[in-house]
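Let me begin by presenting the structure, written as structure tokens, before commenting on it.
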Amino acid sequence: MRDTTSLLPLIVRDLRLERDGRVLLDVPIARIQNRQRNVILGPNGAGKSLFLKTCHGLVPPTSGSIEFTRPASAADNRRKQAMVFQKPVMLRRSVRANFMHALAMAGVGWRERRRIATETMAQFGLSSLADMPARVLSGGEQQRLAIARAASLWPDLLFLDEPTSSLDPTASRQIEDMLEILHERGVTLVLTTHDLGLARRFADVILFFHNGRLVEESNAERFFTAPQTPEAKAFLEHRLFW
Ligand SMILES: Nc1ncnc2c1ncn2[C@@H]1O[C@H](COP(=O)(O)OP(=O)(O)OP(=O)(O)O)[C@@H](O)[C@H]1O
Ligand SMILES: [Mg+2]
21 MRDTTSLLPL IVRDLRLERD GRVLLDVPIA RIQNRQRNVI LGPNGAGKSL FLKTCHGLVP
81 PTSGSIEFTR PASAADNRRK QAMVFQKPVM LRRSVRANFM HALAMAGVGW RERRRIATET
141 MAQFGLSSLA DMPARVLSGG EQQRLAIARA ASLWPDLLFL DEPTSSLDPT ASRQIEDMLE
201 ILHERGVTLV LTTHDLGLAR RFADVILFFH NGRLVEESNA ERFFTAPQTP EAKAFLEHRL
261 FW
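Letter by letter, the sequence shown follows residues 21 to 262 of my numbering.
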């Protein structure tokens, strides 16, 4: 049974990340909103992936805090959030075994693992690939597997780094459809992209980054119709590259 008690929103305060004297992230305040489709938007090198990894706890910030609204134990933190990387990480085993392994790692018993794996593969159109070695799947299929595998654990919060960046339009649409299903089921989504088309179709909330700074945080409709900053205006007119 899914635990629907949410720890969200996730609130980022006074976040700075510095490496070799360079400020890579500078975010006075940002919110990851509960049950929303949060999109981290910005040109190449803006700091989107670093921000995502920092929020997920993979990159420790130089200073600042990233906190759930309710105090969360370390175990809660791990269980309630997942991340899908830009290049999907697969086990060298079958598609089904990839699900079984992820579920085992999360402490799910064997019978339950089989049931959840079968159900999740059916839900996301992967049943016919169940016995294929994951490594031979196409890029789009691997991305679907990576997302479905993360989804099988029903995290409250799912981070995705450029989930459609190397995919053709059909495969991209399949990924977007999967993300819609997760959104409808109440999963809070945070994805990075530099793709304005995807951001326009998908986002409820935009966090727009440029040069490591969160320049604009806005609901998506307002961002696209009335951007408040010169950087966002330039990006929307394809005039801002880095
Ligand atoms: N581990 C690191 N050490 C030092 N600098 C880093 C590190 N990781 C990233 N950077 C730098 O931080 C900046 C932001 O990188 P990041 O990967 O977050 O950008 P991005 O917005 O995701 O870009 P893209 O759209 O190309 O994926 C870049 O200038 C990059 O060179
Ligand atoms: Mg990136």
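We put the beta carbon where it would ideally sit given N, CA and C, even for glycine.
> Can you name the start and end residues of the beta strand (DSSP E) that Phe228 belongs to?
Replying inline: Val225 to His230
>> For Arg22, count the other beta carbons within 10 Å of its own beta carbon; 16 or more makes it buried, fewer makes it exposed. Which is it?
In response: Because Arg22 sits at a pLDDT of 47, beneath the cut-off of 50, its placement in the model cannot be relied upon, and the following sentence gives the value as read from the coordinates. Per the 10 Å Cβ criterion, exposed.
>> For a quick check, are the C-beta atoms of Leu300 and Val43 less than 7 angstroms apart?
In response: Nothing can be reported for residue 300, as the shown portion of the chain is limited to 21 through 262.
>> For a test of the three-state rule: what should DSSP assign to Met21, helix, strand or coil?
In response: Since pLDDT at Met21 reaches only 37, below the 50 mark, its modelled position is unreliable, and the value read off the structure follows with that caveat. The answer is coil: DSSP assigns Met21 none of H, G, I, E or B.
> What are the start and end residues of the beta strand (DSSP E) that includes Glu237?
Replying inline: Arg233 to Asn239 is the span of the beta strand (DSSP E), which, as asked, contains Glu237.
> When DSSP labels each residue in this structure, what does Gly145 get in the three-state scheme?
Replying inline: coil
> Helix, strand or coil: how does DSSP classify Ala102 here?
Replying inline: strand
> If you scan the stretch 63 to 92 from start to end, which runs of the beta strand (DSSP E) of 3 or more residues do you find wholly inside it?
Replying inline: 83 to 88
> Got a sec? Which residues, its chain only, sit under 6 angstroms from Gly160 by beta carbon, not counting five neighbours each side?
Replying inline: Leu187 and Ala191
> What's the C-alpha gap between Lys68 and Ala166?
Replying inline: 20 angstroms
> Can you tell me where the alpha helix (DSSP H) with Val128 in it begins and where it stops?
Replying inline: From DSSP, Val128 is part of no alpha helix (DSSP H); its letter is neither H nor E.
> What is the C-beta distance between Leu177 and Thr208, in whole angstroms, given that I count them as a contact (C-beta under 8 angstroms)?
Replying inline: 5 angstroms
> Ile49 to Ile31, Cα distance in whole Å?
Replying inline: C-alpha of Ile49 to C-alpha of Ile31: approximately 7 angstroms in a straight line.
>> Taking only three categories from DSSP, how would you classify Glu161?
In response: helix
> In chain order, what residues place their C-beta within less than 7 angstroms of a heavy atom belonging to ligand 2?
Replying inline: Chain order is used for the residues whose beta-carbon lies nearer than 7 angstroms to a heavy atom of ligand 2, namely Lys68, Ser69, Gln106, Asp181, Glu182 and Thr212.
>> Among Leu173, Met110 and Phe71, whose alpha-carbon lies nearest the alpha-carbon of Ala137?
In response: Leu173
> Tell me the DSSP bridge mates of Pro153?
Replying inline: Ser114
> Quick one: what's Ile49 bridged to in DSSP?
Replying inline: Looking at the DSSP output, Ile49 sits in a beta bridge with Arg33.
> Phe243: buried (16+ other C-beta within 10 angstroms of its C-beta) or exposed?
Replying inline: buried
>> By the DSSP assignment, the alpha helix (DSSP H) with Arg221 in it spans what residues?
In response: Leu216 to Phe222
>> What would DSSP say about Thr208, mapped onto helix, strand or coil?
In response: Strand, per DSSP.
>> If I follow the unbroken beta strand (DSSP E) through Leu177, where does it start and stop?
In response: Leu177 to Asp181
>> In this structure, how does DSSP classify Arg55 when only helix, strand and coil are distinguished?
In response: coil
> Does the beta carbon of Gly77 come closer than 7 angstroms to any beta carbon on chain D?
Replying inline: The structure shown contains no chain D, having only a single protein chain.
>> Below 8 angstroms, how does it come out for the stretch 68 to 82 and the stretch 210 to 229: are there three or more Cβ pairs, yes or no?
In response: yes
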